[in-house]
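One structure is given here, and the rest of the page talks about it.
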Amino acid sequence: MIKTQGLTKVFKIGKKQETELLAVEDLSLEVDSGEVFGFLGPNGAGKTTTVRMLTGLIRPSSGTAQIAGFELGRQDTQIRRSVGILTESPGMYERLSAEKNLTIFANLYDVPDVPGAVNKYLSMLGLWERRYDAVGSFSKGMRQKLAVARALIHEPQILFLDEPTTGLDPEAAKTVRDFIEELKSEGRTIFMTTHNLAEAERLCDRVAIFKQKLITLDSPANLRQEMFGRRVVFHLREMNPLWADLVAQLPETDGVESVDNKLIVTLQDPESTNPLIIKTLVQAGAEIQFVGEIRHSLEQIYLEMVHSNERGQA
Amino acid sequence: MKHIRTIINKEWSEVFKNRMVIMTMALLPLLFTALPLLMLDLTTSSVPAIEGNVEASGLPQGFLSACEGMNANECTQIYVMNQFLLMFMMMPLIIPTTIAAYSIVGEKTTRSLEPLLATPITTRELLAGKSLAAVIPGVLITYAAFTVFLIGTFILKISPAVRGYLTSPVWILGILLLGPVLAVIATMFSIFISSKVSDPRVAEQVSSLVILPLMLVLGFVLAGKLIINGWFMLIAILVCALAAVALLYLGTIIFDRENILTKWK
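Chains as they are written, first to last, in the working numbering: chain A, -2 to 311; chain B, 66 to 330.
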């Protein structure tokens, strides 16, 4: 659905355009049909520039991309016809009604049944009762819902969501997230930039961590394992320093750490190794209170990746 | 054409909800139609007729050729009306300027340009839609105001010689041809200014500088240094049409998607 190869964007800035600013460097990725793809990165990382390039809004300086089977740079109009975009700011016509806003975009996207499409999305997003009201009187959440409707009005194959829940209150953010899940279940391809890592973990099949260039790309679960391994904590009634050495000697363990009354063991396959560790500890006289797995959040992975990338660059 | 129509419809739906635009569109033609009619009425009914032939009227010598067969009073009237022709020409300059300023800067302040640019509309269609949305009202209002003005001259029983002058080729060319050309110039100039500023009032004020050349011409006419005749009008139309083409070309450069998203303030 989306395939990029060495996509790069350099902006020329300054009065005489004498300074070059590298916004996106050598981005190569593939997003499959029906996939929800998270594009994560700090402010100024080039996420919006990437979305703008992929939606045919700005030209890449070099590299190629295919969106929905169309060649970026040569078939931009077809690309714009095939994708929907939720921009960072809803950008609605405030003096016009919700219905009028959607009608304008339905006409610009050459939707065959304009009133049908407008009514469908106004109802689906709970805006039917307010359809004749000026958008200027809408809450942030309602505007965002209307912007989502606008992005979907022409039934695009691919949806680009640029920070879809930024600035929304928790209830509005949940409504938008629930709707994204609904779109996911419909099998739409979604390319989403976000700062909200919990949101990315909940919604995305794969995430890319990006800062000017791609740092890493995988599913949140694989990234977690790749970065930290799988770590299991054994809570003991009391601690004997010998027990840590005993567990460390087992060939299946990748590392053991002793903190207070806890043994934190890094494992490749906890499901098969945990019984052996429990048996070893019990035979050595340890009393195990409970066992649990430490799950690193996507936030920890993200911070680790971004910071190690910065250290690498330094 | 469907995309252009949609943009025009959108612009009018939005811009005509703006009080400032409505005020400009209502007051300007009212003023520029009422003032010349008032002047004609005063010089016809209240002011005593100027005695003697036209040479004794004190009007610029170059202008007197336009007064053939008229008395001094009628000649004075058409001399005054010549200045109001320039006033009429201000309408197709000011009205599109106001509409374009609010339309472009309005899109910038509400950040609605990016979703618009993300649609399959071409930049030429977008530019055409935005320009026509500003030019059409300016031209139509000018035509309507001139028609009302002509009707007014009948109601006020203005002399047939003066009325004949007001429907002469100079006036008709001015209103029918120069008006639309000036409206295009004003719109493109306003789009250029609007791309550089982020406040519609600033855009409107700076864009209104477009009337300066016209004011200069008015100054020369008032000083008796310039006579607006058929030749002057034809040259003015030609020069302005060339300027409009140049500005349209500039407009297509400014109205590039990447330019709008990355360089417009």
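Beta carbons are placed, not taken as given, at the ideal position from N, Cα and C, and that holds for glycine.
Look at the Cβ atom of I73/B, then the Cβ atom of G203/B, and state whether they are nearer than 7 Å. Within the second sequence, numbered from 1, the residue matching residue 73/B stands at position 8. Within the second sequence, numbered from 1, the residue matching residue 203/B stands at position 138. The answer is no: Cβ separation not under 7 Å.
Drop a sphere of 10 angstroms on the beta-carbon of E190/B, count the other beta-carbons inside from all chains shown, and report buried for 16 or more, exposed for fewer. As a first step, residue 190/B is located in the second sequence; it is residue number 125 there, counting from the start. Burial call: buried.
Should G289/A and D251/A be called a contact, given that it needs their Cβ atoms to be closer than 7 Å? As a first step, residue 289/A is located in the first sequence; it is residue number 292 there, counting from the start. As a first step, residue 251/A is located in the first sequence; it is residue number 254 there, counting from the start. No.
Hey, out of V230/A, T100/A and S120/A, whose CA is closest to P112/A's CA? Within the first sequence, the letter at position 115 stands for residue 112/A. Nearest option by C-alpha distance: T100/A.
Any idea what DSSP makes of L151/B, helix, strand or coil? To locate residue 151/B, count along the second sequence from 1; it is residue 86. Looking at L151/B - three-state DSSP - the assignment turns out to be helix.
Three-state secondary structure (DSSP) of G171/B: Start at 1 with the first residue of the second sequence, and residue 171/B comes out as number 106. Note: G171/B maps to helix in three-state DSSP.
Members of the segment 104 to 131 of chain A that neighbour chain B once the beta carbon cut-off is set at 8 Å: N104, L105, Y106 and D107
Contacts of I186/B in chain A (Cβ-Cβ under 7 Å): By 1-based counting over the second sequence, the position of residue 186/B is 121. Ordered by position in chain A, the residues that pass the 7 Å Cβ test against I186/B are L105.
On the three-state DSSP scale, how would you describe E210/A? Within the first sequence, numbered from 1, the residue matching residue 210/A stands at position 213. Note on identity: in this sequence residue 210/A is Lys, with Glu being the wrong assignment. K210/A falls in the strand class under three-state DSSP.
Please list, in chain order, the chain B residues whose beta carbon lies closer than 7 Å to that of G86/A. For the purposes of this step, residue 86/A is taken as residue 89 along the first sequence, with counting starting at 1. The sequence given here has Ser at residue 86/A, not Gly. Within 7 Å Cβ-Cβ: R176.
Take the Cβ of D166/A as the centre, count every other Cβ of all protein chains shown within 10 Å, and call the residue buried at 16 or more, exposed below. The residue labelled residue 166/A in the question sits at position 169 within the first sequence. By the neighbour-count rule (16 or more Cβ atoms within 10 Å), D166/A is not buried but exposed.
Counted within 10 angstroms of its Cβ, other Cβ atoms place I10/A as buried (16 or more) or exposed: As a first step, residue 10/A must be located in the first sequence, where it is residue number 13. By the 10 Å Cβ count, I10/A comes out exposed.
Alpha helix (DSSP H) runs wholly inside the segment 156 to 214 of chain B, at least 4 long, in chain order: 178 to 182
Who pairs with T46/A in a beta bridge, going by DSSP? Within the first sequence, residue 46/A is the residue found at index 49, counting from 1. Note: T46/A sits in no beta bridge, so no partner.
Which one of L260/A, E284/A, I187/A and E183/A has the shortest CA to CA distance from D159/A? Here the question's residue 159/A lines up with position 162 in the first sequence. Considering only alpha carbons, the answer is I187/A.
With DSSP as the reference, please indicate the residues paired to Q313/A in a beta bridge. What the structure shows of chain A is the stretch from -2 to 311, and residue 313/A is not part of that stretch, so it cannot be assessed.
DSSP beta-bridge partners for V230/A? Counting from one through the first sequence, the residue named residue 230/A turns up at place 233. Paired residue(s): I261/A and G289/A.
Flag this pair as yes or no: are the beta carbons of T191/A and A197/A separated by less than 7 Å? Looking up residue 191/A in the first sequence gives position 194. Looking up residue 197/A in the first sequence gives position 200. Contact: yes.
For R174/A, does the three-state DSSP call read helix, strand or coil? Here the question's residue 174/A lines up with position 177 in the first sequence. It is helical.
For Q141/A, does the count of other Cβ atoms within 10 angstroms reach 16, so buried, or fall short, so exposed? Start at 1 with the first residue of the first sequence, and residue 141/A comes out as number 144. Buried, by the Cβ-count rule.
For K97/A, which residues in chain B fall below 7 Å Cβ to Cβ? The sequence position of residue 97/A within the first sequence is 100, counting from 1. Under the 7 Å cutoff, chain B gives S78.
For S115/A versus A103/A, is the C-beta distance shorter than 7 Å? Here residue 115/A refers to the residue found at position 118 of the first sequence. Here residue 103/A refers to the residue found at position 106 of the first sequence. Ser is not the amino acid found at residue 115/A; the sequence shown has Val there. In this structure, A103/A lies closer than 7 Å to V115/A by Cβ.
Leaving out five residues on either side along the sequence, give the residues of the same chain with a beta carbon under 6 Å from the beta carbon of Q297/A. For the purposes of this step, residue 297/A is identified with residue 300 of the first sequence, where counting begins at 1. Closer than 6 Å at the Cβ level, and outside the excluded window around Q297/A, lies no residue.
Which residues of the segment 10 to 31 of chain A have a Cβ closer than 8 Å to any Cβ of chain B? Give them in chain order. none
CA-to-CA distance, L54/A to R322/B, given in whole angstroms: The residue given as residue 322/B occupies position 257 in the second sequence. The residue given as residue 54/A occupies position 57 in the first sequence. Cα-Cα distance, rounded: 6 Å.
Does the distance from the CB of V246/B to the CB of I258/B come in under 7 Å? Locating residue 246/B in the second sequence gives position 181, counting from the first residue. Locating residue 258/B in the second sequence gives position 193, counting from the first residue. In this structure, I258/B does not lie closer than 7 Å to V246/B by Cβ.
Can you tell me which of the three DSSP states E91/A falls into? For the purposes of this step, residue 91/A is taken as the residue at position 94 of the first sequence. It is coil, neither helix nor strand.
On a Cα-Cα basis, can you pick out the residue from A170/A, E96/A, H293/A and E307/A that is closest to R127/A? Working through the first sequence from its first residue, we reach residue 127/A at position 130. Comparing Cα positions, the closest option is E96/A.
Return the chain-ordered list of same chain residues with a C-beta closer than 8 Å to the C-beta of L242/B, the five sequence neighbours on each side being excluded. One-based indexing of the second sequence puts residue 242/B at position 177. Correct list, in chain order: I302.
Going residue by residue through the segment 283 to 322 of chain B, where are the continuous beta strand (DSSP E) segments of at least 3 residues, counting only ones entirely within it? none
Considering Cα atoms alone, identify which of K82/B, T207/B, A166/B and L182/B is closest to L150/B. Translated into the one-based positions of the second sequence, residue 150/B becomes position 85. For L150/B, the nearest C-alpha among the options comes from T207/B.
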